[in-house]
Amino acid sequence: MTISLKTRITAVGPEVADLAEGGVVILFADGSPSELAEVSVLHAVEDQPSAEAPATGARISIGSLEATITSVGSSAWQKVLDIGHVVISFNGAESTERPGEICASEVDTQALVAQLQTGTAIIIHA
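Position 50 of the sequence shown, counting from 1, maps to 50 under this note's numbering, and the rest follow consecutively.
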């Protein structure tokens, strides 16, 4: 299985749990502005992201939690490549509401919150 992105959580902003309970996770590479860090999961890339965006049906794992990508916004992957930023909505939508968003299958949001810890790996498998 090809890996599109492998990164590791370095910090979790104080407002992340509230967003995750609503099924939304905002990733931002280390070094993001402090006002964005409050709502973001900061991360450090371990394997450079693939040039190609993951396709619908690809898998995303956050620790032991897994979901299936259901749609990828038109600029989402470019933002991952440029600044390590993406909004992941675990809503099962077949189309994104915003161009910088990746949608994935619905998950147990309490389990999602539990996985958002420093050191947890986030992997997108193409």
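Using N, Cα and C, we set each Cβ at its ideal position, and we do this for glycine too.
State yes or no: is the C-beta of S4 within less than 8 Å of the C-beta of S74? As a first step, residue 4 is located in the sequence shown; it is residue number 4 there, counting from the start. As a first step, residue 74 is located in the sequence shown; it is residue number 74 there, counting from the start. Going by C-beta atoms, S4 is not nearer than 8 Å to S74.
8 Å Cβ shell around Q110 - same chain, five flanking residues per side excluded: In the sequence shown, counting from the first residue as 1, residue 110 sits at position 110. Closer than 8 Å at the Cβ level, and outside the excluded window around Q110, lie E21.
Just to confirm my understanding: we take D47, look at its own chain, exclude 5 residues before and 5 after, and list those with CB closer than 7 Å. What are they? For the purposes of this step, residue 47 is taken as the residue at position 47 of the sequence shown. Cβ within range, chain order: I3, K6.
If the criterion is Cβ atoms closer than 8 Å, does the pair V45 and V12 meet it? Numbered from its first residue, the sequence shown carries residue 45 at position 45. Numbered from its first residue, the sequence shown carries residue 12 at position 12. Taking 8 Å as the Cβ cut-off, V45 and V12 do not qualify as a contacting pair.
Over what stretch of residues does the alpha helix (DSSP H) that includes L20 continue unbroken? Taking the sequence shown and counting its residues from 1, the one referred to as residue 20 is at position 20. According to the sequence provided, residue 20 is Ala. The question's Leu does not apply to it. Start and end: 16-21.
E106 at chain C interface by Cβ criterion, 8 Å: In summary, chain C is missing from the structure at hand, where a single protein chain is found.
Grab me the residues of G84's own chain with a C-beta within less than 6 Å of its C-beta, minus the 5 sequence neighbours each way, in chain order. The count along the sequence shown starts at 1 and reaches residue 84 at position 84. Cβ within range, chain order: A29.
Cβ pair V86, L27 closer than 8 Å: Position 86 of the sequence shown, counted from the first residue, corresponds to residue 86. Position 27 of the sequence shown, counted from the first residue, corresponds to residue 27. In this structure, L27 lies closer than 8 Å to V86 by Cβ.
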